[in-house]
């Protein structure tokens, strides 16, 4: 196996839809008119309550995220960012190695020095987003999480051996017992690349989600169902789960250095409506449909999110029939952001425009010139 362990060749997804899960899992991220109008937290900020009417606007709830930290007093074994891009339909897991470098040293060092707080702060700076929930588990915690569906079948690519040559996990088909999951995820062969080791995280999560999707047990994940791992794993298993290691390389010292552009693009896709970790440096964005074609607004939102937009309000222009997309910045400091959004959309004009709502830095109103390629990402 090469250094990356074939990570780029493995993309897991299960289009298994579990009937009734949508009722059990709150749809906290808005990706359609029905979702925003039914959301208990998506506050209407317009005079009309009809999501299809001109002038309708509502606040957007951030994409639900959870940082799962696997570690104990002996050290950090892994960090996983979970996101529900569209609960019950699409979600993602992003894996980070303990050797991943931050401005204050490797993530593993941050864990030893500052515990979960240090890891959370470091991940926020690395990924540019602030996570909504944090959960810490050790090997016993993993045992509890997977017990309902264990043993978990998977194909292990390489023998996992100790420093003295004893084989802990054989290559080939494995049926992992619940108590073996934590050690399997934290295992390192002598001299093994940290990036290659993350391949096992992809394998385990893919196999676990598949087992959860096939299960009819109400307690398939212990604990609460409306938050934490119980919510996220059920939702990921119910829809299409994108499982990826953070794009990175190994430097001369053996540390993992993230590919910043690659990670940024990946996070923007996985977390289309983030909570920014950068304070006030990124403008809050209002996204409006000027065409009366609500099917396009999801595509526009994803496109802008990939360009780093923090979308706060979404809705309709006061009138439909816009021919040209307009990107208006309401503070001179956000002019460059507006230009970046125009470049991402591929159309539109950038203008300076005063407006009374000082909490919004940029308003994007897309017109008929915004026409994504049929079959493209959206």
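Residue numbers (the numbering used here): 137 to 514. We treat Cβ as the ideally placed atom computed from N, Cα and C, and that holds for glycine.
### Query
What's the C-alpha gap between residue 242 and residue 325?
Computed Cα separation, rounded: 19 angstroms.
### Query
What are the boundary residues of the alpha helix (DSSP H) that includes residue 368?
364-374
### Task
Apply the 10 Å Cβ neighbour rule to residue 384 and answer buried if 16 or more other Cβ atoms are within range, or exposed otherwise.
Under a 10 Å Cβ-count criterion, residue 384 is classified as buried, with 16 or more other Cβ atoms of the shown protein chains found around its own Cβ.
### Message
Could you check whether residue 365 and residue 204 sit closer than 8 angstroms to each other, using their CB atoms as the reference points?
### Response
yes
### Message
Can you tell me whether residue 159 is buried or exposed? The criterion is at least 16 other CB atoms within 10 Å of its CB, across all chains shown.
### Response
Residue confidence for residue 159 is low, a pLDDT of 31 falling below 50, so the modelled location carries little weight; the figure read from the coordinates is stated next. Exposed, because fewer than 16 other Cβ atoms sit within 10 Å of the Cβ of residue 159.
### Task
Confirm, please, whether the CB-CB distance from residue 462 to residue 501 is below 8 angstroms.
yes
### Query
What separation, rounded to the nearest whole angstrom, lies between the Cα atoms of residue 305 and residue 339?
14 angstroms
### Query
Who does residue 237 pair with in a DSSP beta bridge?
DSSP output for residue 237 lists 242 as bridge partner(s).
### Task
Just confirm the distance between the C-beta atoms of residue 274 and residue 208, as a whole number of angstroms; I'd bet it's less than 8 angstroms.
4 angstroms
### Sufficient close CB pairs (3 or more, under 8 angstroms) joining the stretch 230-250 to the stretch 366-386
yes
### Task
For residue 345, collect the residues of the same chain with a Cβ closer than 6 angstroms to its Cβ; drop the 5 residues on either side in sequence, then sort them by chain order.
372, 373, 377
### Terminal residues of the beta strand (DSSP E) in which residue 292 lies
288-292
### Message
Do residue 264 and residue 202 have their beta-carbon atoms positioned less than 8 angstroms apart in this structure?
### Response
no
### Message
To test your reading of the DSSP string, which unbroken beta strand (DSSP E) runs of 3 or more residues are found completely within the stretch 265-335?
### Response
269-273, 288-292, 303-305, 308-312
### Task
Could you check what DSSP says for residue 505 in three-state terms: helix, strand or coil?
coil
### Beta-carbon proximity of residue 397 to residue 446, cut-off 8 angstroms
Their beta carbons are not under 8 angstroms apart, which means residue 397 does not touch residue 446 by this criterion.
### Message
Tell me which residue opens and which closes the alpha helix (DSSP H) that residue 468 is part of.
### Response
Note, residue 468: premise wrong, no alpha helix (DSSP H); not H, not E.
### Task
List the endpoints of the continuous alpha helix (DSSP H) containing residue 433.
431-442
### Query
Which residues bound the alpha helix (DSSP H) around residue 403?
396-406
### Message
Going by beta-carbon coordinates alone, are residue 487 and residue 464 separated by less than 8 angstroms?
### Response
Yes, Cβ-Cβ distance for residue 487 and residue 464 is below 8 angstroms.
### Task
Take residue 312 as the anchor and find which of 283, 334, 335 has the nearest alpha-carbon.
283
### Query
Does the Cβ-Cβ distance between residue 427 and residue 458 come in under 8 angstroms?
Yes.
### Message
Quick check on DSSP: helix, strand or coil for residue 227?
### Response
strand
### Query
Among 429, 216, 212, which has the Cα closest to the Cα of residue 507?
429
### Query
What does a CB cutoff of less than 8 angstroms around residue 505 pick up in its chain, not counting 5 residues either side in sequence?
459, 460, 461, 483, 484
### Query
How would you write the range of the beta strand (DSSP E) that residue 214 sits in, first residue to last?
211-222
### Task
Measure the CB-CB distance between residue 220 and residue 198 and report whether it falls below 8 angstroms.
Contact annotation: residue 220 and residue 198 have beta-carbon atoms that are not nearer than 8 angstroms.
### Message
Going by DSSP in three states, residue 500 sits in which element: helix, strand or coil?
### Response
strand
### Task
Taking 8 angstroms as the cut-off, decide whether the C-beta atoms of residue 347 and residue 433 are in contact.
Going by C-beta atoms, residue 347 is not nearer than 8 angstroms to residue 433.
### Query
How many angstroms separate the CA atom of residue 196 from the CA atom of residue 187?
13 angstroms
### Query
Tell me, which residues are paired with residue 380 by DSSP?
230
### Query
With which residues is residue 491 paired in a DSSP beta bridge?
BP columns for residue 491 are empty, so no partner.
### Task
Drop a sphere of 10 angstroms on the beta-carbon of residue 395, count the other beta-carbons inside from all chains shown, and report buried for 16 or more, exposed for fewer.
exposed
### Task
Would you list the one or two residues that DSSP bridges to residue 201?
219
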